[in-house]
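The structure appears below as structure tokens.
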Amino acid sequence: MKIETIAVHAGLEADPTTGAVQPPIHLSTTFSRDTKGELTSEFIYSRSGNPTRRSLEKCLAALEGAAECATFSSGMAAANAVFQALEPGAHVILSDGYYGTGKMLMDVFSRWTVECSVVDTSDIAAFRGAIRKNTALVWIESPTNPMIRVTDLAEVSALAHAAGAKVVCDNTVPTAILQRPLDHGCDLSMYSATKFLSGHGDVLGGALVSKTNDEFFERIRMIQTSAGAVPSPFECWLTLRGIRTLPYRVRAHSENAMKVAAYLEDHPAIAGVNYPGLPGNWHHAVAKKQMTMFGGLLSIHMKGGRDAAMQLASRVRLFTRATSLGGTESLIEHRASVEAPPARTPEDLLRLSIGLEHPDDLIEDLKQALA
Numbered sequence: 359m360k361i362e363t364i365a366v367h368a369g370l371e372a373d374p375t376t377g378a379v380q381p382p383i384h385l386s387t388t389f390s391r392d393t394k395g396e397l398t399s400e401f402i403y404s405r406s407g408n409p410t411r412r413s414l415e416k417c418l419a420a421l422e423g424a425a426e427c428a429t430f431s432s433g434m435a436a437a438n439a440v441f442q443a444l445e446p447g448a449h450v451i452l453s454d455g456y457y458g459t460g461k462m463l464m465d466v467f468s469r470w471t472v473e474c475s476v477v478d479t480s481d482i483a484a485f486r487g488a489i490r491k492n493t494a495l496v497w498i499e500s501p502t503n504p505m506i507r508v509t510d511l512a513e514v515s516a517l518a519h520a521a522g523a524k525v526v527c528d529n530t531v532p533t534a535i536l537q538r539p540l541d542h543g544c545d546l547s548m549y550s551a552t553k554f555l556s557g558h559g560d561v562l563g564g565a566l567v568s569k570t571n572d573e574f575f576e577r578i579r580m581i582q583t584s585a586g587a588v589p590s591p592f593e594c595w596l597t598l599r600g601i602r603t604l605p606y607r608v609r610a611h612s613e614n615a616m617k618v619a620a621y622l623e624d625h626p627a628i629a630g631v632n633y634p635g636l637p638g639n640w641h642h643a644v645a646k647k648q649m650t651m652f653g654g655l656l657s658i659h660m661k662g663g664r665d666a667a668m669q670l671a672s673r674v675r676l677f678t679r680a681t682s683l684g685g686t687e688s689l690i691e692h693r694a695s696v697e698a699p700p701a702r703t704p705e706d707l708l709r710l711s712i713g714l715e716h717p718d719d720l721i722e723d724l725k726q727a728l729a
């Protein structure tokens, strides 16, 4: 089936009791046994499994043609489970992307003797040079947040596997609609469901989708159950509802972002636009090879540095000044102001999450703010 059909039907089963087409939200935290003490279903207790959560996990696995999925209370909880599944003394190569992932590795897992090298994984020579004998995991973010760098997933995965390392791709920005990392050699896809998956700015959640139900994923599943950082049934239901329209939303985000990026690329106040959909972008060829469209996230560099960036953000009327991305409304943020070490985001950079407004209105807003 095509991915639009999968998004609508995966994990969707009519309620056997009432015949309701849309599945109910199962809020129960515990599940009954019969008179012999046997379970009446696969569920025992909601920390280890819940019908609504299981529907979401089946849906996300189907979107990527994967064997399994585990969902979490946030994207960072999902990332945390991956790093907890490593052996002490393991070495991780991490894309130079979202600052929160690197911060967690350095603040938390350095105490577990997990070593970390932050690398621009779009630079194959730099990535190859970072591989060590004890490299156990490669964490790719593509495109990265906020610099929008694109990594060749197939090439990096091949090099990582040759070194005996697992490969995880943070696929939050493109989602499985625009990019399927498992098809390009990655072992797991990670999502912040808070962003495009749910798509309406009202859910906090995360997910790990695995190509195989192997020993490493079994450890992740054990951590999910034992540590208990699981999403609520209501958040799972909201995310499922968001996924039903995901293919059409993500394409609209991408179309709008392409038009905004093209406008900003030609503006005299802009020093540069980071968006792989632009033909002149350094990452365009790789992105075109592994993505169907280029996503709803872009960033810009202002010629006037930090002052000009802050001034532009203060003058917009339609864009909302806020953290996050992937919602229906467009957001703008000066990332260097909200990040913490080890972040290295330039002071002249603004990140734009392009929403579902008409692109002409977004361009008009930016035009008046830049005037």
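Numbering-wise (our numbering), the sequence shown opens with residue 359 and increments by one. Cβ atoms here follow ideal geometry from the backbone N, Cα and C, with glycine treated the same way.
Assuming residue i is part of the alpha helix (DSSP H), what are its boundary residues?
i: THR597; result: 591-602
i: ILE485; result: At residue 485 the sequence reads Phe, which differs from the Ile that was named. Counting along the chain, the alpha helix (DSSP H) containing PHE485 begins and ends at 482-488.
Which residues in the same chain as residue i place their Cβ atom closer than 6 Å to its Cβ, once the five residues preceding and following it in sequence are excluded?
i: SER500; result: VAL508 and THR509
i: VAL496; result: ILE451, ALA518, ALA523 and VAL525
i: THR410; result: ILE383, HIS384, PRO591, CYS594 and TRP595
i: GLY635; result: MET616 and PHE652
Have a look at the DSSP bridge pairing and note the partners of residue i.
i: HIS659; result: GLY630 and LEU707
i: HIS716; result: DSSP output for HIS716 lists no bridge partner at all.
i: HIS692; result: HIS692 is not bridged to any residue.
i: SER453; result: VAL477
i: ARG679; result: ILE690
i: ARG391; result: LEU397
Let me check understanding here. Comparing Cα to Cα, which of the options lies closest to residue i?
i: GLU422; options: LEU517, THR603 and ARG538; result: ARG538
i: SER432; options: ILE690, LEU566, LEU724 and ARG391; result: LEU566
i: SER413; options: LYS360, ALA372 and LEU604; result: ALA372
i: SER556; options: VAL466, SER568, LEU598 and GLU576; result: LEU598
i: LEU540; options: VAL531, CYS527 and SER550; result: CYS527
i: HIS692; options: ARG411, GLY684, CYS417 and ALA680; result: ALA680
i: SER657; options: GLY685, LEU622 and THR678; result: LEU622
i: GLY458; options: THR502, THR471 and GLY447; result: THR502
i: THR363; options: ALA667, THR603, ALA629 and VAL588; result: THR603
i: ILE601; options: ALA443, LEU676, ALA666 and GLY684; result: GLY684
Leaving out the 5 sequence neighbours to the left and right, which residues in its chain are closer than 7 Å to residue i when beta-carbon positions are compared?
i: LEU670; result: MET660, LEU708, ALA727 and LEU728
i: ASN529; result: GLN537, PRO539, SER547, MET548 and TYR549
i: GLU349; result: The first residue shown for the chain is 359 and the last is 729, placing residue 349 beyond what the model contains.
With DSSP run on the structure shown, which of helix, strand or coil describes residue i?
i: LEU369; result: Per the sequence presented here, residue 369 reads as Gly, with Leu not at that position. If DSSP states are grouped into helix, strand and coil, GLY369 belongs with coil.
i: LEU670; result: helix
i: VAL476; result: strand
i: THR583; result: helix
i: MET548; result: strand
i: GLU528; result: Note that residue 528 corresponds to Asp in the displayed sequence, not to Glu. Reduced to three states, the DSSP call for ASP528 is strand.
i: LEU397; result: strand
i: ARG300; result: In the structure as shown, the chain begins at 359 and stops at 729. Residue 300 is therefore absent and cannot be evaluated.
Name the two residues that bound the continuous beta strand (DSSP E) containing residue i.
i: PHE430; result: 426-430
i: GLY736; result: Since the first residue of the chain shown is 359 and the last is 729, residue 736 is not available in this structure.
i: THR493; result: 493-499
Among residues of its own chain, excluding the 5 on either side of residue i, which ones have a beta-carbon nearer than 8 Å to its beta-carbon?
i: LEU385; result: PRO591 and PHE592
i: PRO704; result: HIS659 and ALA694
i: THR650; result: ILE535, LEU536 and GLN537
i: VAL492; result: For clarity, residue 492 is Asn in the given sequence; the question names Val instead. Only GLY447, ALA448, HIS449 and GLU473 meet the Cβ criterion.
i: ILE361; result: LEU421, ALA534, ILE535 and PRO605
i: ILE721; result: LYS617, VAL618 and TYR621
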